[in-house]
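Chemist: Heads up, the sequence shown is in our numbering, so the first residue is 1158 and it goes up one at a time.
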Amino acid sequence: KPCTVETGATLNVPLFINQGEIIKIDTRTGKYLSRAK
């Protein structure tokens, strides 16, 4: 599903990610990597 992060970038994340969760993003590709712990 589409997601907009704090910086304004838009990317696709899995459906199990909820608003307000912290995620890791590959800055080279702009793709979702995982949830941050």
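Yeah, the Cβ is synthetic: ideal placement off N, Cα and C, and Gly gets one too.
1. Among residues of its own chain, excluding the 5 on either side of G1187, which ones have a beta-carbon nearer than 8 Å to its beta-carbon?
2. Could you tell me which residues DSSP puts in a beta bridge with N1169?
3. With the cut-off set at 9 Å, would you say I1182 and Y1189 are in Cβ contact?
4. Mapping DSSP to helix, strand and coil, what is I1179?
5. Using the three-state DSSP reduction, which class does R1192 fall into: helix, strand or coil?
Modeler: According to the structure data:
1. A1166 and L1168
2. P1159
3. yes
4. coil
5. strand
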